[in-house]
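To start, the structure under review is shown below, and the notes come after it.
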Amino acid sequence: MSSYLFVESRDPFASRDVEEGYRLLAELAVQPIPVTLFLVQNGVLAARQGARASQFTALVAHPGVTVLADTFALQERGIPTDALVPGVQASDIDILVDLLMLDGQKAIWH
Amino acid sequence: MEKTLTVLMMDPPFESANTTTAFRIIEAALRKGHTVHVFAYEGAVSLTMQGQQAHPNPAHGKTVEEEHHPLTRDIVCGLLTSGGGERLQWINCGLCVDERGAGDWIEGPRRGGPGDFWKWVTESDQTFVIPCR
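Going line by line, the protein sequences match chains R and V.
In this text, residue positions in the first sequence follow the numbering used here: the first is 21, and each later residue adds one.
In this text, residue positions in the second sequence follow the numbering used here: the first is 2, and each later residue adds one.
Below, the structure is given as structure tokens:
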């Protein structure tokens, strides 16, 4: 069975098309198709508690979506893991590679 | 299980955090025993240019040595030698190289074209395209 890995490098406050990605993932998840959103670089900014990113928090709450955040990117930006939106898990580049190499994984960078 | 990952990069050096993330992915994949094929397209062909020079940082009063400015050619060299050995292959797009006059590379990369990328895509377990903005 195919699954989707969406690597988001941008934040929704600087790039409005990020929300289009969130919408795509939500639509895939209701199919249901397994979906993982992996946040890197400024993509992690949406995962801060208190960030006004309602579409992101709705996506995190979706039971069919796994949301991971790159610890390297969090540390660079001074975001402690206990300041993440509940449901977002701190992760690392090794996990990203493992996800990339899963059979049937369709990987998209944005 | 060891697999093959093809990565297409497009950003030029010293421009985008995409390059750092791509290097981290490549390093981790090699460390895990996978084979990695990198197709450097457009500005990314300059990542391996031999002539890159570290610079001081006058704003901070630092010398070249103190600044220790990382060069992408050194990072790629490290991946090709100590990190990857024969499990990392690197192709620079020939047309992109010619456009930019960027043909003076470190040892390791070879010249190729979109046909090589297509071949790698068909042979790899995963292809990951990291476009520039």
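In this text, a Cβ means the ideal position worked out from N, Cα and C, and glycines have one as well.
Quick caveat: nothing in here was measured; it's all calculated off a predicted structure.
Within 10 angstroms of its Cβ, does residue i collect 16 or more other Cβ (buried), or is it exposed?
| i | result |
| --- | --- |
| A81/R | exposed |
| W129/R | buried |
| S17/V | buried |
| G124/R | exposed |
| L96/V | exposed |
| S47/V | buried |
| H38/V | buried |
| M2/V | exposed |
| T49/V | buried |
| P14/V | buried |
When the distance is taken between beta carbons, is residue j closer than 8 Å to residue i?
| i | j | result |
| --- | --- | --- |
| D126/V | G52/V | no |
| V8/V | F118/V | no |
| T56/R | T77/R | no |
| W121/V | F40/V | yes |
| E47/R | V38/R | no |
| L6/V | M121/R | yes |
| A49/R | G84/R | yes |
| L65/R | R97/R | yes |
| F70/V | H56/V | First, the amino acid is wrong: residue 70/V is His here, not Phe. Cβ atoms of H70/V and H56/V: closer than 8 Å. |
| A45/V | D114/R | no |
| T36/V | R88/V | yes |
| N58/V | E66/V | no |
| F58/R | L79/R | no |
Figure out for me which residue from the options has the closest Cα to the Cα of residue i.
| i | options | result |
| --- | --- | --- |
| D12/V | T73/V, E3/V, R112/V | T73/V |
| R43/R | L119/R, S74/R, Q109/R, G70/R | S74/R |
| Q61/R | G116/V, N19/V, Q54/V | N19/V |
| F92/R | C78/V, T21/V, P110/V | T21/V |
| G41/R | D118/R, P54/R, F26/R, G84/R | F26/R |
| Q95/R | D112/R, A71/R, L45/R | D112/R |
| P132/V | M21/R, R30/R, V108/R | R30/R |
| V105/R | A34/R, I115/R, G70/R, D114/R | G70/R |
| I107/V | G79/V, G44/V, I27/V | G79/V |
| V77/V | V65/V, E68/V, Q90/V | Q90/V |
| I27/V | K4/V, E124/V, E43/V | K4/V |
| D90/R | G107/R, L116/R, S23/R | L116/R |
| E43/V | T82/V, E100/V, T123/V, G109/V | E100/V |
Is there a Cβ of chain R sitting closer than 8 Å to that of residue i, yes or no?
| i | result |
| --- | --- |
| V39/V | no |
| T49/V | no |
| I76/V | no |
| A45/V | no |
Hey, does residue i have any beta-carbon neighbour from chain V nearer than 8 Å?
| i | result |
| --- | --- |
| L44/R | no |
| S22/R | no |
| D31/R | no |
| V87/R | no |
| Q125/R | yes |
| Q69/R | no |
| D37/R | no |
| I113/R | yes |
| Q61/R | yes |
Could you tell me which residues DSSP puts in a beta bridge with residue i?
| i | result |
| --- | --- |
| R111/V | I92/V |
| F129/V | V8/V |
| S111/R | D90/R |
| Q75/R | None, per the DSSP bridge assignment. |
With a threshold of 7 Å (Cβ to nearest heavy atom), would residue i be considered close to the ligand NAD?
| i | result |
| --- | --- |
| D90/R | Absence of the ligand NAD is noted for the structure shown, with no ligands found whatsoever. |
Does residue i have its Cβ less than 8 Å from a Cβ in chain B?
| i | result |
| --- | --- |
| Q127/V | Among the chains of the structure shown, chain B does not appear; the protein chains present are R and V. |
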